[in-house]
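Here the structure is laid out as structure tokens; the discussion comes afterwards.
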């Protein structure tokens, strides 16, 4: 007898990676309070996604992600997400091709946060590549682009090397140090900030450390109301205030 699937599950489209996925990482099944099912998009690596808008489009990611998404839909996914915030460039086309809600990136939290805050921070794996086109794809109005303060981890640091380099092991302490240092740089540059969106889905394992060190509220796909709405009634975490 074949094992049965959960009645409703969250479908997670992940890049083709080998790095460890810690609790809190979107690729770790324990990260969400609802059942998940992961599909790896073979041949799509971290550097295919994390690059400028023109380069990502040239990488031709839409079709393999669309095919994997449809497979998850056939298996019963109630909502679908991805493992990289830069994939927000695919949001409009994926949602148009889907029958269920698609939330491709934590950057899609920005419009709602900007309705309540004068400025919102973004912590990213690559500030060099996270241009305005990605923010616009996430729904940030042109008039509010300047109100998004972006900070990235050091390009040559342990965090970037591990996840962009797709390394099989991680130095957790060194990676945490990189993420905390970036958050603290952002806080020094924009001391009025209260809310911080974690673009990279490998960053939530360090969310509590960031909050304790900076006083910032962190946001990720783990708190996305749009992503978790189909599971209303499940044991979901309370929204942050």
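In the working numbering, the protein residues as written are 77 to 317. C-beta: ideal position from N, C-alpha, C; glycine also. Keep in mind it's a predicted model, so treat the numbers as computed, not measured.
query	result
Inspect the CB distances between the segment 288-295 and the segment 98-106 and report whether three or more fall short of 8 Å.	no
Could you pull the DSSP bridge partners for residue 98 from this structure?	Answer by DSSP bridge pairing: none, since residue 98 is not bridged.
Check whether the Cβ atoms of residue 110 and residue 307 lie closer than 8 Å to each other.	yes
Check the C-beta distance from residue 159 over to residue 277 and give it rounded, since I have them as a contact under 8 Å.	5 Å
Give a yes or no on whether the C-beta atoms belonging to residue 258 and residue 228 are separated by under 8 Å.	yes
Please report the distance separating the alpha-carbon of residue 302 from that of residue 177.	8 Å
Check whether the Cβ atoms of residue 164 and residue 198 lie closer than 8 Å to each other.	no
Check for me: the alpha helix (DSSP H) holding residue 88 runs from which residue to which?	No alpha helix (DSSP H) holds residue 88; the beta strand (DSSP E) holding it covers 85-91.
Determine the extent of the beta strand (DSSP E) in which residue 225 is found, giving its start and end residues.	224-228
Mind checking residue 249: buried by the 16 CB within 10 Å criterion, or exposed?	exposed
For residue 197, report the span of its beta strand (DSSP E) as first-last.	196-200
Just confirm the distance between the C-beta atoms of residue 283 and residue 274, as a whole number of angstroms; I'd bet it's less than 8 Å.	7 Å
State the DSSP-derived secondary structure class of residue 304, mapped to helix, strand or coil.	helix
What span of residues does the beta strand (DSSP E) with residue 113 cover, start to end?	112-117
Where does residue 272 sit, in a helix, a strand or coil, going by DSSP?	strand
Would you say residue 85 and residue 112 are within 8 Å of each other, going by their C-beta atoms?	yes
Comparing alpha-carbon positions, which option in 290, 183 and 157 lies nearest residue 171?	157
Taking residue 155 as part of the beta strand (DSSP E), name the residues at either end of that continuous run.	153-158
Helix, strand or coil, according to DSSP, for residue 277 in the structure here?	coil
Please state whether DSSP places residue 179 in a helix, a strand or coil.	strand
Just confirm the distance between the C-beta atoms of residue 256 and residue 289, as a whole number of angstroms; I'd bet it's less than 8 Å.	5 Å
Starting from residue 265, trace the alpha helix (DSSP H) in both directions and tell me its first and last residue.	248-265
Give every residue of the same chain whose Cβ lies closer than 8 Å to the Cβ of residue 92, excluding the five residues on either side of it in the sequence, and list them in chain order.	116, 117, 118, 119, 120 and 121
Can you check DSSP and say which residues form a bridge with residue 294?	272
Tell me whether the beta-carbon of residue 183 lies closer than 8 Å to the beta-carbon of residue 137.	no
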